[in-house]
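A.B. asks: Per the working numbering, the sequence shown runs over residues 965 to 1179. Even for Gly, the Cβ is constructed at its ideal location relative to N, Cα and C.
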Amino acid sequence: MTIGARLKEERERLGYTQPVFAELAGTTKKSQIDYEKDLTQPKAGYLAAIAEVGADVGYIVTGNKSPQLQNSDFAYEFDLVNVYDVSVSAGDGAVCLGETEPTSRLAFRKDWLARHGLYAKDLVIVYAKGDSMEPTIHDKEPLLINTIDKELTDGFIYVVRNHENFWVKRVQRQFNELLLLSDNEKYLPMKLDLNESTDVEIIGRWIPPSRGTFY
């Protein structure tokens, strides 16, 4: 087996697509394809970068698997996402803000993250509080939030901070206002002023759970 073939094997074992793996390694998709086809040989900087995400560089270069990495199946297959003791309002505005340091971590399959273009370092888990987003989100349900996805798209669900309150709501922009919409028809829309002097922050976009999300 060639270096390119072993590189492809390691990438697929880690659950990354060629574009995502190339981005993690600081190179282009074309370079990644050329490496895997043995058209060019990967340089030291590239190998160091992919080692950081769990690739067995020794195996790629020599064909001999690292005994230590062979016994680290969990690290190969999973990434850990921080869980925070924060209850985000899905009700009438009550919010419980706990410790700012993570209280635990949850494991996510790397292949699931890669398929969705997600990175564990950008994700956090908080908890819903209240029933205003039912039946979509239930009270005390864990919420996976992508903190780098702050670009508002009408109809999607985000965690929004306003002063000391945190909300999980569907959003709709109207001029200088942000409408926070509940899925539970008992709750009326709320308006937030988006003027520069207003303390409003988009924490991130909610990622709906799917089969294989939480472990």
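Excluding the five sequence neighbours on either side, which residues of its own chain have a C-beta within less than 7 Å of the C-beta of Val1078, listed in chain order?
C.D. replies: In the sequence shown, counting from the first residue as 1, residue 1078 sits at position 114. In the sequence on display, residue 1078 carries Ala and not Val. So the qualifying residues of the chain are Gly979, Tyr980, Thr981 and Val984.
A.B. asks: Does DSSP put Asp1075 in a helix, in a strand, or in coil?
C.D. replies: Residue 1075 sits at position 111 when you count from the first residue of the sequence shown. Helix at Asp1075.
A.B. asks: Bridge partners for Asp1157 per DSSP, in chain order?
C.D. replies: Here residue 1157 refers to the residue found at position 193 when the sequence shown is read from its first residue. DSSP, once it has assigned bridges, lists Glu1141 as partnering Asp1157.
A.B. asks: Quick check on DSSP: helix, strand or coil for Val1193?
C.D. replies: This structure cannot settle anything about residue 1193, because the visible part of the chain is limited to 965 through 1179.
A.B. asks: Considering only their Cβ atoms, is the gap separating Asp1147 from Pro1106 smaller than 8 Å?
C.D. replies: As a working note, residue 1106 is residue 142 in the sequence shown. As a working note, residue 1147 is residue 183 in the sequence shown. Cβ atoms of Pro1106 and Asp1147: not closer than 8 Å.
A.B. asks: Sort Thr1162, Val1025 and Leu1087 by Cα distance to Pro1172 and report the nearest one.
C.D. replies: One-based indexing of the sequence shown puts residue 1172 at position 208. Minimum Cα distance to Pro1172 is reached at Leu1087.
A.B. asks: My guess is that Phe1072 and Asp1113 are in contact by the Cβ rule of under 8 Å, so how many angstroms apart are they, rounded?
C.D. replies: In the sequence shown, residue 1072 corresponds to position 108, counting from 1. In the sequence shown, residue 1113 corresponds to position 149, counting from 1. The Cβ separation is near 16 Å, so there is no contact.
A.B. asks: Pick from Gln1138, Ala1092 and Lys1085: whose alpha carbon is nearest that of Asn1129?
C.D. replies: In the sequence shown, the residue the question calls residue 1129 occupies position 165. If we check each option's Cα against that of Asn1129, Ala1092 comes out closest.
A.B. asks: Is it buried or exposed, Gln1005, if we count other Cβ atoms within 10 angstroms and call 16 or more buried?
C.D. replies: As a first step, residue 1005 must be located in the sequence shown, where it is residue number 41. Classification for Gln1005: exposed.
A.B. asks: Find out if the Cβ-Cβ distance for the pair Glu1182, Arg1125 is shorter than 8 Å.
C.D. replies: Residue 1182 falls outside the range modelled here, since the chain spans only 965 to 1179, and no answer is possible.
A.B. asks: How many Å lie between Trp1076 and Leu1143 at the Cα?
C.D. replies: Walking along the sequence shown from the start, residue 1076 turns up at place 112. Walking along the sequence shown from the start, residue 1143 turns up at place 179. Spanning the two alpha carbons is a distance of roughly 32 Å.
A.B. asks: Count the other C-beta atoms from every protein chain shown that fall within 10 angstroms of the C-beta of Glu1000, then say buried if there are 16 or more, exposed otherwise.
C.D. replies: As a working mapping, residue 1000 is identified with position 36 in the sequence shown. It counts as buried.
A.B. asks: So, helix, strand or coil for Gln996, using DSSP?
C.D. replies: Position 32 of the sequence shown, counting from 1, holds the residue named residue 996. Three-state result, Gln996: helix.
A.B. asks: Please classify Ala969: does DSSP put it in a helix, a strand, or coil?
C.D. replies: By one-based count along the sequence shown, residue 969 stands at place 5. Helix at Ala969.
A.B. asks: Let me know the beta strand (DSSP E) ranges lying completely inside the segment 1085–1128, each 3 residues or longer, listed in chain order.
C.D. replies: Fully enclosed beta strand (DSSP E) runs of 3 or longer: 1087–1093, 1106–1110 and 1121–1126.
A.B. asks: Are the CB atoms of Ile1121 and Lys1133 nearer to each other than 8 Å?
C.D. replies: For this step, residue 1121 is matched to residue 157 along the sequence shown. For this step, residue 1133 is matched to residue 169 along the sequence shown. Their beta carbons are under 8 Å apart, which means Ile1121 touches Lys1133 by this criterion.
A.B. asks: Residues in the same chain with beta-carbon distance under 6 Å from Arg975, minus the five sequence neighbours each way, listed in chain order, please.
C.D. replies: As a working note, residue 975 is residue 11 in the sequence shown. Counting only residues of its own chain and dropping the five nearest sequence neighbours on each side, Arg975 has a CB closer than 6 Å to the CB of Phe985.
A.B. asks: Classify Gly1009 as helix, strand or coil using the three-state DSSP reduction.
C.D. replies: Against the sequence shown, residue 1009 aligns to sequence position 45. Residue state, collapsed to three classes: helix.
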